[in-house]
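Here's the structure we're looking at; comments come further down.
Residue numbers (the working numbering): 1 to 231.
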């Protein structure tokens, strides 16, 4: 397992570097988020041994089951929450994650702001934008995003530093990456989390600063619990 994950990571990093250079961007401008959801702790440990430090988990409880022990071995790891966050999990998320990528509604934003104020642990946050306006998906609709960002930053004092999106499965992803880039531009945000195993090179061309890659690193996804959201 360790050798294959190390080889996969090297291949993905090579592709990121090539895509960045082709877009006229420095490779270090793109951060790789290894999506470790449904993967066992041993797989994450293998990625850590190969030098990977940034990981993404979809569910708070799954992250808590794996990462506290790993953090003891690798204190410089960074854990992103990349799946939907329920308000009753906000306290655990703020305590155990380093960044929340999926702020998508006023009630959640308010709960996060209260918990960060209570604990003094102010995590950077991204607003998730439902660029495809898909009713089954989380995320703020594009036309509501400017107002929502202003509400989070100005009234709640939430540290919104970027945007995230998951394009519809069968759409041309470039259209969604371009839309997210434009929303970020007009709101003065520099961080764009977009692009997964199948399309991260396109995302880099459109300015992605973070790409979320799971299958290309860890192989075929293991069966997840029914409650787990797709990434």
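A virtual CB, placed ideally from N, CA and C, is assigned to each residue, including glycine.
Alpha carbon of residue i to alpha carbon of residue j, nearest angstrom
| i | j | result |
| --- | --- | --- |
| residue 152 | residue 160 | 7 Å |
| residue 213 | residue 34 | 5 Å |
| residue 138 | residue 84 | 7 Å |
| residue 205 | residue 22 | 8 Å |
| residue 41 | residue 27 | 28 Å |
| residue 177 | residue 127 | 14 Å |
| residue 136 | residue 145 | 18 Å |
| residue 195 | residue 169 | 12 Å |
| residue 5 | residue 211 | 17 Å |
| residue 106 | residue 86 | 12 Å |
| residue 122 | residue 154 | 15 Å |
| residue 199 | residue 181 | 16 Å |
| residue 51 | residue 68 | 18 Å |
| residue 62 | residue 39 | 10 Å |
| residue 14 | residue 25 | 14 Å |
Cutoff 7 Å; reference residue i; Cβ partners in own chain excluding five residues on either side
| i | result |
| --- | --- |
| residue 8 | 216, 217 |
| residue 64 | 92, 96 |
| residue 167 | 131, 132, 173, 176 |
| residue 47 | 5, 9, 34, 217 |
| residue 3 | none |
| residue 149 | 127, 160, 187 |
| residue 49 | 2 |
Which residues DSSP lists as bridging residue i, in chain order
| i | result |
| --- | --- |
| residue 34 | 55, 213 |
| residue 80 | 56, 99 |
| residue 14 | Residue 14 is not bridged to any residue. |
| residue 90 | DSSP lists no partner for residue 90. |
| residue 166 | None; residue 166 has no bridge partner. |
| residue 193 | 164, 210 |
| residue 129 | 140 |
Contact belief for residue i with residue j at Cβ below 8 Å, rounded distance in angstroms
| i | j | result |
| --- | --- | --- |
| residue 147 | residue 19 | Their Cβ separation, rounded to whole angstroms, is 33 Å, which puts residue 147 and residue 19 out of contact at 8 Å. |
| residue 156 | residue 208 | Not a contact, Cβ separation roughly 26 Å. |
| residue 70 | residue 44 | 6 Å |
| residue 101 | residue 164 | 5 Å |
| residue 111 | residue 140 | In fact, because the Cβ distance is near 16 Å, the residues do not count as touching under 8 Å. |
Spatial neighbours of residue i in its chain, beta-carbon cut-off 8 Å, leaving aside the 5 residues before and after
| i | result |
| --- | --- |
| residue 142 | 129, 130, 131, 133, 179, 183 |
| residue 78 | 53, 54, 55, 98, 99 |
| residue 171 | 132 |
Residues near residue i in its chain [Cβ-Cβ closer than 6 Å; skip 5 each side]
| i | result |
| --- | --- |
| residue 124 | 99, 159, 161 |
is_contact[residue i, chain C] using C-beta, thresh 8 Å
| i | result |
| --- | --- |
| residue 150 | Given the protein chain composition of this structure (a single chain), no chain C is represented. |
- Message: Between the region 28–42 and the region 172–187, can you find at least three pairs of beta-carbon atoms closer than 8 Å?
- Response: Flag = no, the region 172–187 and the region 28–42 do not touch.
- Report yes or no: do three or more beta-carbon pairs, one from the region 109–125 and one from the region 90–98, lie closer than 8 Å? Counting Cβ pairs under 8 Å, three or more are found: they touch.
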